[in-house]
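Residue numbers (my numbering), protein chains in the order written: chain A, -13 to 184; chain B, 31 to 125; chain C, 4 to 652.
We treat Cβ as the ideally placed atom computed from N, Cα and C, and that holds for glycine.
Here the structure is a predicted model, which is why all the values come from computation and not from measurement.
To start, the structure under review is shown below, and the notes come after it.
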Amino acid sequence: MKIDHSQPLEYSTEQNRLNILGFWIFLGAEIMLFATLFASYFTLVDRTGDGPAGARIFEITPVLAETFLLLTSSFVIGLGIHAMRLGHKKAMLTFFVITLLLGLGFLGFEITEFITYYHEGATLQTSAFTSVLFTTLGTHGAHVTLGLFWGTFIVLQVKKRGLTPETANKSFIFSLYWHFLDIVWIFIFTFIYMKGMT
Amino acid sequence: MKELFPAKQVWGFVFSLILTLAALTVYFFNMSKAMGMTIFILTAFIQAAVQLVVFMHARETDDSKSIFMTLYCAIFLAIITVVGTILCMIWGWTY
Amino acid sequence: MGFFTRFLIPNPSPVIYTSMVAIGITILLIVFGLTHFKKWFYLWSGWLTTVDHKRIGIMYLIAALLMLFRGGVDAVMMRAQLAIPDNKLLDSQHYNEIFSTHGVVMILFMAMPYIMALMNFVVPLQIGARDVAFPRLNAISFWLFFMGAMLFNISFVIGGSPDAGWSSYFPLAGNEFSPHVGTNYYMIAIQIAGIGTLMTGINFMTTILKMRAPGMKLMRMPMFTWASLVTSVIIIFAFPVLTVALIMGTMDRLFATKFFAMTDGGMDMLWANLFWVWGHPEVYILILPAFGLFSEIIPTFSRRNLYGYRSMVASMVFISIYSFFVWTHHFFTMGQAAYVNSIFSITTMVIAIPTGIKIFNWLFTMWRGRIRFTVPMLYSIGFIPLFTIGGVTGVMLAMSAADYQYHNTMFLVAHFHNVIIPGVVFAVLGAATYYWPKMFGFMLNERLGKWAFWFLTIGFCLAFFPMYITGLDGQARRIYTYSESTGFGPWNMVTFIGTVLMAISFFLIVYTVYYSIRHAPKDVGDDPWDARSLEWATHNPVPEYNFAIIPQVSSREAFWDAKYKGHELFKGDYEKIHMPNNSGGPFIMSCIFFVFGFALVFSIWFLAIMGLIGIFVCMALRSFEIDHGRYISVEEIKETEAKYGGVNK
Chain A
-13 MKIDHSQPLE
-3 YSTEQNRLNI
7 LGFWIFLGAE
17 IMLFATLFAS
27 YFTLVDRTGD
37 GPAGARIFEI
47 TPVLAETFLL
57 LTSSFVIGLG
67 IHAMRLGHKK
77 AMLTFFVITL
87 LLGLGFLGFE
97 ITEFITYYHE
107 GATLQTSAFT
117 SVLFTTLGTH
127 GAHVTLGLFW
137 GTFIVLQVKK
147 RGLTPETANK
157 SFIFSLYWHF
167 LDIVWIFIFT
177 FIYMKGMT
Chain B
31 MKELFPAKQV
41 WGFVFSLILT
51 LAALTVYFFN
61 MSKAMGMTIF
71 ILTAFIQAAV
81 QLVVFMHARE
91 TDDSKSIFMT
101 LYCAIFLAII
111 TVVGTILCMI
121 WGWTY
Chain C
4 MGFFTRFLIP
14 NPSPVIYTSM
24 VAIGITILLI
34 VFGLTHFKKW
44 FYLWSGWLTT
54 VDHKRIGIMY
64 LIAALLMLFR
74 GGVDAVMMRA
84 QLAIPDNKLL
94 DSQHYNEIFS
104 THGVVMILFM
114 AMPYIMALMN
124 FVVPLQIGAR
134 DVAFPRLNAI
144 SFWLFFMGAM
154 LFNISFVIGG
164 SPDAGWSSYF
174 PLAGNEFSPH
184 VGTNYYMIAI
194 QIAGIGTLMT
204 GINFMTTILK
214 MRAPGMKLMR
224 MPMFTWASLV
234 TSVIIIFAFP
244 VLTVALIMGT
254 MDRLFATKFF
264 AMTDGGMDML
274 WANLFWVWGH
284 PEVYILILPA
294 FGLFSEIIPT
304 FSRRNLYGYR
314 SMVASMVFIS
324 IYSFFVWTHH
334 FFTMGQAAYV
344 NSIFSITTMV
354 IAIPTGIKIF
364 NWLFTMWRGR
374 IRFTVPMLYS
384 IGFIPLFTIG
394 GVTGVMLAMS
404 AADYQYHNTM
414 FLVAHFHNVI
424 IPGVVFAVLG
434 AATYYWPKMF
444 GFMLNERLGK
454 WAFWFLTIGF
464 CLAFFPMYIT
474 GLDGQARRIY
484 TYSESTGFGP
494 WNMVTFIGTV
504 LMAISFFLIV
514 YTVYYSIRHA
524 PKDVGDDPWD
534 ARSLEWATHN
544 PVPEYNFAII
554 PQVSSREAFW
564 DAKYKGHELF
574 KGDYEKIHMP
584 NNSGGPFIMS
594 CIFFVFGFAL
604 VFSIWFLAIM
614 GLIGIFVCMA
624 LRSFEIDHGR
634 YISVEEIKET
644 EAKYGGVNK
């Protein structure tokens, strides 16, 4: 394996560069996935049947908390990658753990939010609107959940194996994934919650 | 300690918080539907661009051409899909 | 006992019982054969765990041929039922299942893997690479596709096949009108195969963008590589749409969500919309690689370079993006306003322009060429006029006002078979013949191949041209019988005869393979066709590392210029070669996917949750795995090369 020392560690081998480009392309596919969910959401948003509309069940406080948690976690993981490039393994791990905790906090808020919706009579089966709402939010939430596991694995690997071309590459790719989830959340925040509440 | 907090990323974070607040103005102030939608679209897309360039380092390697080609393609086709679906299913729906 | 009743099929008939027995006997024979000839280890280490793009390509090819047989049997049964008025051969339920599975199997489990087979085998060779960017992922793609296909295929003996058409429109596909598990199979099997396809798209786009031989700029890539790149782009952006649509469909059926329901605000037409947002680009996923293959075959056998390379590339890129703009033409009659239909009418007709450019480019390539009428070339020459007829009827269908007459008739069926068979099927059959020596080291018999071609072409014309006539007269598709007074009888009989000819051609192809294995000479050299692009610069069959020395490309037709203009392809000396390790992971994970899918189809929740956990455990293990690959030493390369008679310098 040829290691190119002029590049940051995560780009230092040919396979690493392939992995990063491949993951970007995967994110391109993910954009389409969420676009389809949004397209369905916009189609079904007013089709509430006998169930509640968005304006009735959405609450501003948990949504703002979730947004703030996810924005901050995205910032923190950026710091983590910066620390990784400086070679500060410990600082990097700290930032990564904070990121995951913030993600966990986000997930906690989202689950409580879902439970509230349920008590207000909005379940997965209530209407086309609630079906698509839960599916869109749920797809994002499932991505976050998967990310929490994935991030934990990476923290463990960096801790055990140190900063090698492989672990650095995995960490960088994970950061791309995490930032991407933040971008998706921004669109959910704007076009589902904000638009639904105004 | 200071080297762990690069100015670019800190400002990026501050900027993204400001954009979130800008979107919130639509919630707190009364404004026309078109105005609200414009603010939403602007803040969301600028926010996404900030993430891409500041945090995701999309511009830093030789592959950035391929990366941006993929992203432009994805965003373009995503918009086509969303707008086209709304066109068929809502605006142009006659039943 | 109650638990097991769910596995019963809803409409048992002697045909199905016979196939059950046949499947059982085949499985027993395979197991017995593998044990008797002690081939289990060979199967595991050589094929099930392989990450070699060439072997994966060959496995795709085998799967595709099996599925061609399966889909073909469906077709013959369908046309036999319609051959005479008021036929009693099949009942309506059985007929519904057959036309549904015929469509799905032919598009997703025959044409797609056939294209994937050629992409896998040819693209890395054409760009002078040693493998794809992510060899392990490539194996996952194949096995997910394979398990998806198998899950779909067991439906007709366990629980019943999908019966709502290959497009599975809601509300027909909902629980109310399709109460048995068939449509669950549809939703879940295609989902599993679709994930595999998406991964292939990502893999090939990365490979083509990053792993080309030194000197091969984008505008020097062979046309099939271009087609594969463009196809990968379409896959990446189209398949996520299908993923979402299928998830919604699955949830509607299993969890009673209301996406496509008739009550509580559900919108059945959203399914049709999403299905075709994927479905139309999917058509181009099939046809563009086919165009690429013709663009390889035609120059080789005309001994001329491809006419209008740049316009070929431009038209392909244009078609790929444009394929996302036209989907509504699949449901003109379903309730949008006239202005919406007009928009999509125009975008649809515009696609004829780049396609026309390509047709003329092929014709100009042949113009004044020294044409050799080999089997691949016959398929290419047959393709041009037949495909043009299909294209012209496509423009007819694109006119939304006129479409109210054509919609859901045999005219439409004739149209899409008329583009898919001469387009895709001719391409993959021709290309399989063309690349056969590359894959297996011997040629297919030309004489038998020509017989197969003529049977297929004449059979095709007899089978589908009458449908244009009955379609215009109002014969609807997907209806299992018709009365004698309609007058459709004689035409449908002609169609049936054509179908039989096509079936004969399938058996001729199989026999060609068998005959050639037995009788064809085994030393055909490295360049039996006098070809033009890089895949022919290495040996037949290809050694596992593809190229002993990575070629240096300095022109568009690298190999041709090396042969006739003295360009030097292989500079420098042997170096040790890095190769990926084999892995059982992809196969095992895909098996778990199969179990997971099966459990979901029958709502066996415990098993489904176990399966899901199993999948995540596989992914976690992969995350912690350390795998640096292995090296092939210089001595080993020298030994292999000596066996083949040295590098082609």
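- Judged by beta-carbon spacing, C:Asp406 lies beyond the 8 Å limit of C:Phe297, meaning their Cβ atoms are not closer than that value.
- Shown here, A:Gln111 sits in coil according to DSSP, grouped into three states, outside any helix or strand.
- CA-CA distance, C:Ile237 to C:Ser323, rounds to 6 Å.
- For a Cβ distance threshold of 7 Å, residue set Leu57 of chain A lies close to B:Leu47, ordered along the chain.
- Annotated as distal: C:Val497 and C:Pro531, with beta-carbon spacing of 8 Å or more.
- Within the model, the alpha-carbon separation for C:Gly282 versus C:Glu642 is close to 49 Å.
- Across the structure, C:Ser235 and C:Ile205 are spaced so that their CA atoms are roughly 7 Å apart.
- Between the segment 413 to 428 of chain C and the segment 379 to 398 of chain C, the count of C-beta pairs closer than 8 Å reaches three or more; the two stretches touch.
- Contact annotation, C:Pro217 with C:Ser536: C-beta distance approximately 16 Å; criterion of less than 8 Å not satisfied.
- DSSP, reduced to helix, strand and coil, places C:Tyr188 within a helical segment of the structure shown.
- In this structure, A:Ala25 lies away from C:Phe240, with their beta-carbon atoms at least 8 Å apart.
- In the DSSP assignment, A:Arg71 falls within the unbroken alpha helix (DSSP H) covering Ile46 to Leu72.
- A direct Cα-to-Cα measurement between C:Ile618 and C:Met202 gives close to 16 Å.
- Contact check for A:Gly37 and A:Ser113: beta-carbon distance about 4 Å, within the 8 Å limit, so the pair qualifies.
- Restricted to the segment 61 to 118 of chain C, the alpha helix (DSSP H) segments that are unbroken, complete and at least 4 residues in length are 95 to 107, listed in chain order.
- Put simply, the segment 590 to 599 of chain C touches the segment 144 to 157 of chain C. At least three CB pairs are less than 8 Å apart.
- In the DSSP assignment, C:Tyr437 falls within the unbroken alpha helix (DSSP H) covering Phe429 to Phe443.
- At a C-beta separation below 9 Å, A:Gln(-7) has no neighbours in chain C, since its nearest C-beta there lies roughly 15 Å away.
- In chain order, Met119 make up the part of chain B whose C-beta sits under 8 Å from the C-beta of C:Met270.
- Counting along the chain, A:Arg3 sits inside no beta strand (DSSP E); it lies in the alpha helix (DSSP H) bounded by residues Glu0 to Leu30.
- Contact residues of the segment 73 to 84 of chain B toward chain A are Thr73, Ala74, Gln77, Ala78 and Gln81 (C-beta to C-beta distance below 7 Å).
- For C:His581, no alpha helix (DSSP H) segment is defined; the enclosing uninterrupted segment is the beta strand (DSSP E) at Ile580 to Met582.
- Legend: CB atoms of the segment 95 to 117 of chain A lying less than 9 Å from CB atoms of chain C belong to residues Leu110, Gln111, Thr112, Ser113, Ala114, Phe115, Thr116 and Ser117.
- With 16 or more other CB atoms across the displayed protein chains lying within 10 angstroms of its CB, C:Asp134 is buried.
- Inter-segment contact for the segment -11 to 2 of chain A and the segment 64 to 77 of chain B is absent: fewer than three beta-carbon pairs are separated by less than 8 Å.
- Taking CB atoms only, A:Phe177 has a neighbour in chain B less than 8 Å away.
- The C-beta distance from C:Ile461 to C:Leu511 rounds to 13 Å, too long to fall under 8 Å, and the pair is not in contact.
- Taking a Cβ-Cβ threshold of 8 Å, the residues of chain A close to C:Phe240 are Gly14, Ala15 and Met18, in chain order.
- With a threshold of 8 Å between beta carbons, A:Asp36 makes contact with chain C.
- The DSSP-derived three-state label of C:Ala479 is strand.
- Within chain B, the residues whose beta carbon sits less than 8 Å from that of A:Met183 are Tyr57, listed in sequence order.
- A contact between stretches requires three or more CB pairs, one per stretch, nearer than 8 Å, and the segment 406 to 417 of chain C fails this requirement with the segment 250 to 266 of chain C.
- The Cβ atoms of C:Ile635 and C:Ile580 lie closer than 8 Å to each other.
- Taking a beta-carbon distance threshold of 8 Å, A:Ile11 counts as an interface residue toward chain C.
- At a Cβ-Cβ threshold of 8 Å, A:Pro(-6) and A:Arg71 count as neighbours.
- For B:Ile97, the nearest beta carbon of chain C is not closer than 8 Å to its own beta carbon.
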